[in-house]
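Residue numbers (our numbering): -5 to 503.
Note that CB positions come from ideal geometry on N, CA and C, so glycine has one too.
Keep in mind it's a predicted model, so treat the numbers as computed, not measured.
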Amino acid sequence: MDDEPNIREALAEYLTSLNNHSLTTAASGPEALDKFQPGKFDCAFLDLKMPGMTGVELLAQLKEKDKTLPVVIMTGFPSLDAAIDTMRQGASDFLVKPFNLDQVKATLERVVREHRLLQENLRLSERLKHQERIERLNQELSRRVREQQVLHQISESIDHMHTSEAIYQGIADLSATNLEAGKASVLLLDPVSGQLVVIAVFGFPPEAVGQVAGKLGQGLFGKAAAGGKPVMGRLETPEEGGGLLAVSGSLLCLPIMIHEQPLGLLVLGEKRGGLPFRGEDVFLSRFLLQKAALSVENIALYESMASNLHSTLGALVRAMEAKDPYTRQHSRRVTNLAVMTAEAMGLEAHQIESLKFAGYLHDIGKIGIKDHILLKESKLTPAEYQEIKRHPAIGESIVRAMDLSQDERHIVRHHHERWDGKGYPDRLQGKEIPLLARLVAVADAYDAMTSDRSYRALRSMPQAVKELKECAGSQFDPAVVEGFLQMLENCHWEIPLSTPPDSSQDTSS
Ligand SMILES: [Fe+2]
């Protein structure tokens, strides 16, 4: 651009002749700005002195529109200051009038080459930035995936914990492992005393469990538990907790809440490498605590329901036994004998638990038998005996709707099956009869023989044992009879009476 038409035209003619460059000319700064389109031009030639707008001003405005545009300043009155000023504004070169066309050509070729290199550089730089952004996104994605894996692992682990104790220990172990903490403790609030009692530890001596680690609202732990918000910090001296619970260095305290009420506190300390705990540690441990609190609540609810169920069933058994003076505490004694036999035979803990619960309920179906048959003192007629034989099936129908295991339901239904297949209700034979039902059958028969029944003579313990032996292989499973006799030997024939489920309301003894 030049305000002198002759120079403009001469230059335009020459530049156009070079390698078919297309050319746009302008007689003033505003006209040049009007015609300028970023990215369309390889180079601009500007006269320094023009009316309306100087070359330097135009240079600044063109650079605003396209930072990479090479600008060559032309002037007939060069001064050092002007040269410095234009270069400072971003001019690529300086041509002094009058200039020869070879100079113009050389300048044009150089600035255009530089312009292309600069553009290429910018493209590469943009690509690099793009790659760096993708790399950052990938790293963030990997972090999120790892986080989700940890959350999933925490959920899975807690879902497989079925007692409150296991969950509290799980909180300590999982939080310490996933947050790389050297130490963790779970403190539970005693609602009466307001004390925070250690219920699970990781990295502390096991003796720390049961210790009092503070009081709600007092000290670091007590204030953190009461505050309801995470507390992060650093302990220079292991003051808090002291003794068995000494922690120093990085510390994270997270209140455990249920329905916005403080339940306790998770304390994490000594993050690996001496690093401080961070926001993502709070996120992970909060997730863990929310999940754990929900599970603890569900367990408490389930235990309460199970306790209600036990009470209801216990009341039914007591109601049934209360009708018949000869069978009072029969269910309790049978359960006791069956459990001791199971222990003598080395049965598994869950089988013994099933016996303890369902042994007590084995005759619950008698509640559905008419009193004049159930309480009849003389010998039963065949029809009455058929009626009595309905009680295992009735019992099963009572407990079917309740949350009993298959083993427990089988005890109720099959405790009158016989080894030789002549029992009832399903005439099962040998090992078709569930093992726990075979155990209850022997215990039931022994207790019946040694209890005072109205319609038959009471047998002595040796007589009853003799009868059991005689019936082993016909009425009873021989292995269970053997286990029963072993049990009698073990306790020197003195059978203690155990406490039945929910005995608090049992007034029959
Ligand atoms: Fe029975």
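Span of the beta strand (DSSP E), counted from its first residue to its last, around residue i
i      : result
MET251 : 243 to 252
PHE196 : 189 to 196
ARG228 : 225 to 229
CB contact check: residue i to chain B, cutoff 8 Å
i     : result
GLN83 : Going by chain labels, chain B is absent from the structure shown, which holds only one protein chain.
Reduced DSSP category for residue i - H, G, I as helix; E, B as strand; rest coil
i      : result
LEU111 : helix
LEU260 : strand
ARG130 : helix
SER468 : coil
LYS177 : strand
VAL206 : strand
LYS265 : strand
GLU483 : helix
GLN457 : helix
LEU182 : strand
MET334 : helix
GLN323 : coil
ASN0   : helix
CA-to-CA distance, residue j to residue i, given in whole angstroms
i      : j      : result
ILE382 : GLN345 : 28 Å
VAL203 : VAL192 : 5 Å
ILE358 : GLN423 : 23 Å
LEU229 : LEU262 : 12 Å
ALA504 : ASP153 : With the chain covering -5 to 503 only, the question about residue 504 has no answer from this structure.
LEU278 : LYS177 : 16 Å
GLN481 : GLN457 : Here residue 481 turns out to be Met, not Gln, going by the sequence shown. Each residue's Cα considered, the two are about 17 Å apart.
GLU129 : LEU122 : 10 Å
ALA435 : ASP471 : 9 Å
ALA309 : GLY213 : 49 Å
ASN94  : LEU131 : 55 Å
ILE361 : GLY340 : 33 Å
ASN0   : LYS91  : 13 Å
ILE367 : ASN330 : 27 Å
ARG138 : GLY273 : 14 Å
LEU374 : SER151 : 57 Å
THR501 : ARG322 : Confidence at THR501 is low in this model, with a pLDDT of 31, below 50, so the placement of that residue is unreliable and no value is reported for it.
GLY235 : GLY258 : Note that GLY235 scores a pLDDT of 49, beneath 50, so its modelled location is shaky; the value from the coordinates is reported in the next line. C-alpha separation (whole angstroms): 15 Å.
ALA294 : GLU483 : 41 Å
HIS409 : SER454 : 23 Å
GLY417 : GLY467 : 13 Å
LEU288 : GLU114 : 59 Å
THR157 : VAL290 : 8 Å
MET226 : ILE392 : 55 Å
LYS265 : GLU120 : 40 Å
GLU7   : LYS57  : 26 Å
GLY70  : ARG104 : 22 Å
THR19  : LEU118 : 32 Å
TYR379 : MET299 : 36 Å
Start-to-end residues for the alpha helix (DSSP H) that takes in residue i
i      : result
ILE161 : 158 to 172
SER279 : 273 to 317
ARG394 : 385 to 394
ARG403 : 400 to 408
LEU526 : For residue 526 there is no data in the structure shown, the boundaries of the chain being -5 and 503.
ARG421 : Run containing ARG421: none; DSSP gives neither H nor E here.
ASP365 : 365 to 368
LEU349 : 343 to 352
PRO376 : 376 to 382
GLY216 : 213 to 221
Any non-hydrogen atom of ligand 2 within 7 Å of residue i CB
i      : result
ASP438 : Of the ligands one can find in the structure shown, namely ligand 1, none is ligand 2.
>> Which runs of the alpha helix (DSSP H) at least 4 residues long sit entirely within the stretch 5 to 93? Give them in chain order.
In response: 23 to 29, 49 to 59 and 74 to 82
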